[in-house]
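Protein chains: 2
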Amino acid sequence: MQIERMIRRFREAGLKITPQRVAIFEYLYTTTSHPTVDDIYAYITGRFPSVSLTTVYNTLQTMVGLGEIEEIAISHERRNFDPDTRPHSHIMCVKCKRIEDIYTDNLSENCLPESVRKRYRILGQRIYFYGLCSRCVAEK
Amino acid sequence: MQIERMIRRFREAGLKITPQRVAIFEYLYTTTSHPTVDDIYAYITGRFPSVSLTTVYNTLQTMVGLGEIEEIAISHERRNFDPDTRPHSHIMCVKCKRIEDIYTDNLSENCLPESVRKRYRILGQRIYFYGLCSRCVAEK
DNA sequence: TTTTATATTAAAATGATTACAAATTAAAAA
DNA sequence: TTTTTAATTTGTAATCATTTTAATATAAAA
Chain A
53 MQIERMIRRF
63 REAGLKITPQ
73 RVAIFEYLYT
83 TTSHPTVDDI
93 YAYITGRFPS
103 VSLTTVYNTL
113 QTMVGLGEIE
123 EIAISHERRN
133 FDPDTRPHSH
143 IMCVKCKRIE
153 DIYTDNLSEN
163 CLPESVRKRY
173 RILGQRIYFY
183 GLCSRCVAEK
Chain B
53 MQIERMIRRF
63 REAGLKITPQ
73 RVAIFEYLYT
83 TTSHPTVDDI
93 YAYITGRFPS
103 VSLTTVYNTL
113 QTMVGLGEIE
123 EIAISHERRN
133 FDPDTRPHSH
143 IMCVKCKRIE
153 DIYTDNLSEN
163 CLPESVRKRY
173 RILGQRIYFY
183 GLCSRCVAEK
């Protein structure tokens with residue numbers, strides 16, 4: 053399972069396995085949402101009341117460094133993390149800020165003109181959609 | 053020209069035309085880059101030494117509200133603004149952080165599955181590419 | 001020219017993130 | 001199992017970006 057995988061990845065990197073870290077893994081891999089630092093911190097404090105925000109930041113940064121989670125830059129207001137590293141896109145409701153995954157086989161690498169491609173070593177690509185979800189449309 | 057256009061847009065919205073605002077318009081429409089708040093502030097202080105950061109923030113926010121500039125969410129480290137509101141994409145060098153425009157006729161609205169489309173009122177879309185520019189590849 | 005509503009400014013408040021040093025602990029070695 | 005050691009966690013303080021606020025200044029209408 054993914055939590056075991058993270059433990060193995062941390063061990064391989066010479067990092068220690070602490071209960072705080074495992075709790076963060078558990079939260080990331082059992083929620084289907086795209087949590088913020090505060091979401092994660094709120095959950096962890098439920099289990100380890102004395103946990104420090106620094107620990108959450110450090111662990112997330114380490115996981116990003118290992119390529120096991122990704123930051124979603126869909127909005128400047130919030131910083132969301134995504135434990136799903138398969139290629140996919142996101143859509144955010146501009147009102148309630150919820151983010152949903154979009155899986156599609158047609159990720160548009162082909163948008164990149166040759167003139168750009170030859171001047172860059174391409175490392176990644178992100179596609180974000182913005183809209184109003186049906187719930188928020190109904191409300192207003 | 054675009055500066056005249058912004059002046060007209062502000063007037064139409066019942067907003068006043070101040071030298072500070074005009075200087076911000078001038079900076080935005082005579083640079084081809086994607087400036088941050090600090091880039092703009094640095095330029096404006098050259099002309100109005102006593103200008104306040106608040107004025108820069110307020111003016112940018114107003115322009116975003118009028119739909120005349122857009123925020124680029126390509127990175128959480130920086131907040132870049134784009135005075136070009138035509139549909140286009142961006143590529144950022146992950147090392148030097150420079151952002152370049154990409155114009156392409158094939159913006160992938162078609163990436164959106166019907167199942168998602170029917171649950172959202174789509175308002176916008178952004179595509180970001182990440183890579184190393186030739187200059188930064190050479191350096192390392 | 002006077003008036004008035006809006007904009008600017010400076011300073012303080014807020015919020016997110018990072019840096020730091022002391023105390024704790026995971027895990028390797030004995 | 002116990003000891004040792006290096007890494008981690010914690011709490012606090014520092015930093016940085018952004019927003020709020022209230023007083024002052026000013027664009028533009030009267």
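These protein sequence lines are chains A and B, in that order. When you line the first sequence up against the numbering used here, it's residues 53 to 192, in that order. When you line the second sequence up against the numbering used here, it's residues 53 to 192, in that order. Beta carbons are placed, not taken as given, at the ideal position from N, Cα and C, and that holds for glycine. Please read these numbers as outputs of a predicted model, since none were measured by experiment.
- Under the three-state reduction of DSSP, which class applies to A:Met53: helix, strand or coil? The sequence position of residue 53 of chain A within the first sequence is 1, counting from 1. Assigned with DSSP and collapsed to three states, A:Met53 falls in coil, not helix or strand.
- In three-state DSSP terms, what is B:Asp134? For the purposes of this step, residue 134 of chain B is taken as residue 82 along the second sequence, with counting starting at 1. Reduced to three states, the DSSP call for B:Asp134 is strand.
- What are the partner residues of A:Arg173, as DSSP defines its beta bridges? Counting from one through the first sequence, the residue named residue 173 of chain A turns up at place 121. For A:Arg173, which the question treats as bridged, DSSP gives the partners B:Leu184.
- Query: B:Thr84 to B:Pro135, Cα distance in whole Å?
  - Reply: For the purposes of this step, residue 84 of chain B is taken as residue 32 along the second sequence, with counting starting at 1. For the purposes of this step, residue 135 of chain B is taken as residue 83 along the second sequence, with counting starting at 1. The alpha-carbon atoms of B:Thr84 and B:Pro135 are separated by roughly 9 Å.
- Query: For A:Val146, which of A:His86, A:Thr106, A:Leu80, A:Leu184 has the nearest alpha-carbon?
  - Reply: Stepping through the first sequence from its first residue, residue 146 of chain A is reached at position 94. Out of A:His86, A:Thr106, A:Leu80, A:Leu184, the CA that lies nearest to the CA of A:Val146 is found in A:Leu184.
- Message: Taking beta-carbon pairs under 7 Å, can you tell me which members of the region 97–126 of chain A lie near chain B?
- Response: Taking 7 Å as the Cβ-Cβ cut-off against chain B, the residues of the region 97–126 of chain A that qualify are Glu123, Ala125, Ile126.
- Task: Output, in chain order, the set of chain A residues within a Cβ distance shorter than 8 Å of B:Phe77.
- Result: Here residue 77 of chain B is taken as the residue at index 25 of the second sequence, counted from 1. Around B:Phe77, no beta-carbon contact reaches into chain A at under 8 Å, the shortest distance being about 22 Å.
- Query: Does any residue of chain A bring its CB to less than 8 Å from the CB of B:Ser85?
  - Reply: Locating residue 85 of chain B in the second sequence gives position 33, counting from the first residue. It does not; no Cβ of chain A falls within 8 Å.
- chain B contacts made by the region 126–152 of chain A, where a contact means CB separation under 8 Å: Answer in chain order: Ile126, Ser127, His128, Arg131, Ser141, Ile143, Cys145, Val146, Glu152.
- Query: Buried or exposed: where does B:Thr229 fall if 16 or more other Cβ atoms within 10 Å of its Cβ makes it buried?
  - Reply: Any question about residue 229 of chain B goes unanswered here, given that chain B covers just 53 to 192.
- CB-CB under 6 Å to A:Ile179, same chain, minus the five flanking residues each way: which ones, in chain order? Counting from 1 along the first sequence, the entry for residue 179 of chain A is found at position 127. Counting only residues of its own chain and dropping the five nearest sequence neighbours on each side, A:Ile179 has a CB closer than 6 Å to the CB of Ser141.
- Query: Near A:Thr156, which residues of its chain fall below 8 Å by C-beta distance, leaving aside the five closest residues on each side in sequence?
  - Reply: Locating residue 156 of chain A in the first sequence gives position 104, counting from the first residue. Same-chain partners within the cutoff: His140, Ser141.
- Task: Give me the Cα-Cα distance between B:Ile76 and B:Ile55, rounded to the nearest whole angstrom.
- Result: As a working mapping, residue 76 of chain B is identified with position 24 in the second sequence. As a working mapping, residue 55 of chain B is identified with position 3 in the second sequence. Annotation: B:Ile76 to B:Ile55 spans about 10 Å, alpha carbon to alpha carbon.
- Residues of the region 167–189 of chain A with Cβ closer than 7 Å to any Cβ of chain B, in chain order: Within the region 167–189 of chain A, the residues whose Cβ lies closer than 7 Å to any Cβ of chain B are, in chain order, Val168, Arg171, Tyr172, Arg173, Ile174, Leu175, Gly176, Gln177, Arg178, Ile179, Tyr180, Phe181, Tyr182, Gly183, Leu184, Cys185, Ser186, Val189.
- Query: Does the Cβ-Cβ distance between A:Phe133 and A:Glu123 come in under 8 Å?
  - Reply: The residue you call residue 133 of chain A lines up with position 81 of the first sequence. The residue you call residue 123 of chain A lines up with position 71 of the first sequence. Their beta carbons are under 8 Å apart, which means A:Phe133 touches A:Glu123 by this criterion.
- By Cβ distance, which residues of its chain are closer than 6 Å to B:Met115, with the 5 residues on each side in sequence left out? Indexing the second sequence from 1 puts residue 115 of chain B at position 63. For B:Met115, where only same-chain residues beyond five positions count, the Cβ hits under 6 Å are Ile121.
- Grab me the residues of A:Met53's own chain with a C-beta within less than 8 Å of its C-beta, minus the 5 sequence neighbours each way, in chain order. Counted from its first residue, the first sequence places residue 53 of chain A at position 1. Tyr81.
- Query: What are the residues that DSSP puts in a beta bridge with B:Asp90?
  - Reply: Here residue 90 of chain B is taken as the residue at index 38 of the second sequence, counted from 1. Note: B:Asp90 sits in no beta bridge, so no partner.
- Message: Helix, strand or coil, according to DSSP, for A:Arg178 in the structure here?
- Response: Your numbering for residue 178 of chain A matches position 126 in the first sequence. Reduced to three states, the DSSP call for A:Arg178 is strand.
- Task: Please state whether DSSP places B:Ile59 in a helix, a strand or coil.
- Result: Taking the first residue of the second sequence as position 1, residue 59 of chain B is located at position 7. Helix.
- Message: Considering only DSSP beta bridges, list what A:Met115 is partnered with.
- Response: Looking up residue 115 of chain A in the first sequence gives position 63. Answer is none; A:Met115 lacks a bridge partner.
- Message: Applying the 10 Å Cβ sphere with the 16-neighbour rule, what's the burial state of B:Cys163?
- Response: Start at 1 with the first residue of the second sequence, and residue 163 of chain B comes out as number 111. Counting Cβ neighbours within 10 Å, B:Cys163 comes out buried, since at least 16 surround it.
- Given A:Arg99, which residues of its chain have a CB within under 7 Å of its CB, disregarding the five upstream and five downstream residues? Position 47 of the first sequence holds residue 99 of chain A. The answer, listed in chain order, is Ala75.
- Query: Comparing the C-beta of A:Thr88 with each C-beta of chain B, is any distance below 8 Å?
  - Reply: In the first sequence, counting from the first residue as 1, residue 88 of chain A sits at position 36. So no, A:Thr88 is outside the interface.
- For A:Ser167, which of helix, strand or coil comes out of DSSP? Reading the first sequence from its first residue, position 115 is the one you call residue 167 of chain A. A:Ser167: helix per DSSP, three-state reduction.
- Query: Under a Cβ-count criterion, where at least 16 other Cβ atoms within 10 Å of its own Cβ denotes burial, should B:Tyr79 be classed as buried or exposed?
  - Reply: Numbered from 1 along the second sequence, position 27 holds the residue referred to as residue 79 of chain B. It counts as buried.
- Could you tell me whether the Cβ atoms of B:Glu152 and B:Ile143 are closer together than 8 Å? Along the second sequence, one-based indexing puts residue 152 of chain B at 100. Along the second sequence, one-based indexing puts residue 143 of chain B at 91. Yes; because the gap between Cβ atoms is below 8 Å, this pair is in contact.
- First and last residue of the uninterrupted alpha helix (DSSP H) at A:Ile121: Your numbering for residue 121 of chain A matches position 69 in the first sequence. Here A:Ile121 belongs to no alpha helix (DSSP H), and DSSP marks it neither H nor E.
- Query: Which chain A residues sit within Cβ distance under 8 Å of B:Leu80?
  - Reply: Taking the second sequence and counting its residues from 1, one reaches residue 80 of chain B at position 28. The contacting residues do not exist; B:Leu80 stays about 18 Å from chain A at best.
- Message: Whole angstroms are fine: how far does the CA of A:Lys68 sit from the CA of B:Leu118?
- Response: Locating residue 118 of chain B in the second sequence gives position 66, counting from the first residue. Locating residue 68 of chain A in the first sequence gives position 16, counting from the first residue. Their Cα atoms are separated by approximately 51 Å.
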